[in-house]
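Step one of this worksheet: look at the structure below.
Residue numbers (my numbering): 1111 to 1427.
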């Protein structure tokens, strides 16, 4: 597929670009911010910068990789769909349910392919946790927890624009916390209620100069479900040396993954912890998009659900 990069605001834009260069052809990029464009051009000097979005959409690209600021996703994705371009987008889809509904409507009308980057659903260890949960061995599920943190603030490697509330829609939860949101939805479905605790834990003065909007860098959201289950999504920009933790508990035991190692302890194992081999992973959504081999789980339905969970987490519903 011939693709163009629609925005280089997101920190994953270089990774997606390298993948696209390996899998197909990148015909150029568009970025509104001259500073971001200059940095991207220095890393990818072979790529032409389109002067306007209209120029990109009028070009030869068959698809776009959307890495613009989250606040621009609605306008950018709708424009791309109306131009007949297949769409891969970084998460989250957009900042409100209404905007997500509008995007879904236009994409459906256009008939283009749509993929969102919910890549952790395709990691083998995460797939294994879901498989154990669905097997019935745990009994009625009553608790799920996911923890995913990094040191973007405490070690000061996140770019300044990741602290701009208008562009991002929030801080750690809407960015890194998105992974926990879609994994919880994948396993538990849509919750009934949400309560969040958002704090600023980083005390670095150089980060404070970036974070003038006061977005959260340490965050937890707790969901409840009609059957009495609770789900907890933990995230933050202030923890180093962390590994993913995903655990699901039921009336007859639990399954827990940490750093790729999976252990279950259930009535069926005699109440003893047993290590579970991880099943094979699947290609990431960006690879699925570029090759046309698109698996279930990274489409518009899941994109809208992620936006809705964020709306709940930030108390905007």
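Here a beta-carbon is modelled for each residue, glycine too, at the ideal position from N, C-alpha and C.
Within the model, the alpha-carbon separation for residue 1373 versus residue 1365 is close to 6 Å.
Secondary structure note for residue 1250: it is in no alpha helix (DSSP H), with a DSSP letter that is neither H nor E. Shown here, residue 1112 sits in a strand according to DSSP, grouped into three states. Going by beta carbons, residue 1405 and residue 1133 fall outside the 7 Å limit.
Only exposed fits residue 1411, as fewer than 16 other CB atoms lie within 10 angstroms of its CB. Contact holds between the region 1182-1199 and the region 1162-1174, because three or more Cβ pairs, one in each stretch, are under 8 Å apart. Only residues of its own chain outside the window of five on either side were considered, and among them 1240, 1243, 1254, 1358 have a CB closer than 7 Å to the CB of residue 1297, listed in chain order. For residue 1122, the closest C-alpha among the options 1165, 1142, 1158, 1177 is that of 1177. The count of Cβ pairs closer than 8 Å, one atom from the region 1265-1283 and one from the region 1387-1395, stays below three, leaving the stretches out of contact. Three or more Cβ pairs closer than 8 Å define a contact, and the region 1255-1275 meets that threshold against the region 1347-1362. Between residue 1344 and residue 1148, the alpha-carbon positions lie close to 35 Å from each other. Of the candidates 1159, 1421, 1154, 1130, 1159 places its Cα closest to the Cα of residue 1140.
Bridge partners of residue 1265 according to DSSP: none are assigned.
Rounded to whole angstroms, the gap between the alpha carbons of residue 1308 and residue 1120 is 22 Å.
For the pair residue 1327 and residue 1348, the CB atoms are nearer than the 7 Å cut-off.
Residue 1293 has its alpha-carbon roughly 16 Å from the corresponding atom of residue 1302. Around the Cβ of residue 1331, a 10 Å sphere holds 16 or more other Cβ atoms; the residue is buried. Taking C-beta atoms as the reference points, residue 1334 and residue 1340 count as a pair closer than 7 Å. Rounded to whole angstroms, residue 1234 and residue 1407 show a C-alpha spacing of 14 Å. For a cut-off of 8 Å, the C-beta gap from residue 1192 to residue 1216 is around 7 Å, short enough to register as a contact. Collapsing the DSSP output to three states places residue 1212 in a helix. Taking a C-beta distance under 7 Å as the contact criterion, residue 1362 and residue 1262 do not qualify as a contact pair. With contacts defined by Cβ atoms closer than 7 Å, residue 1202 and residue 1288 form a contacting pair. In this structure, the straight-line span from the alpha carbon of residue 1336 to that of residue 1144 is close to 49 Å.
Within 10 angstroms of the beta-carbon of residue 1230 lie 16 or more other beta-carbons, which makes it buried. Restricting attention to 1346, 1190, 1295, 1375, the CA atom closest to the CA of residue 1265 is found in 1346.
Around residue 1397, the same chain offers no residue with a beta carbon nearer than 6 Å, after the five sequence neighbours per side are excluded. The beta strand (DSSP E) runs of length 3 or more contained entirely in the region 1359-1401 are, from start to end of the chain, 1363-1368, 1371-1376, 1384-1386. Excluding the 5 residues flanking it on each side, residue 1379 has same chain C-beta neighbours closer than 8 Å at 1363, in chain order.
Going by DSSP, residue 1173 is part of the beta strand (DSSP E) stretching over 1173-1176.
For residue 1421, the uninterrupted alpha helix (DSSP H) segment begins and ends at 1410-1423.
Under DSSP, residue 1290 forms no beta bridge with any residue. In the same chain as residue 1323, and ignoring 5 residues on each side of it, the C-beta atoms closer than 7 Å to its own belong to 1273, 1274, 1275, in chain order.
In its chain, beyond the 5 residues on either side, 1175, 1177, 1396 have a beta carbon closer than 7 Å to the beta carbon of residue 1126.
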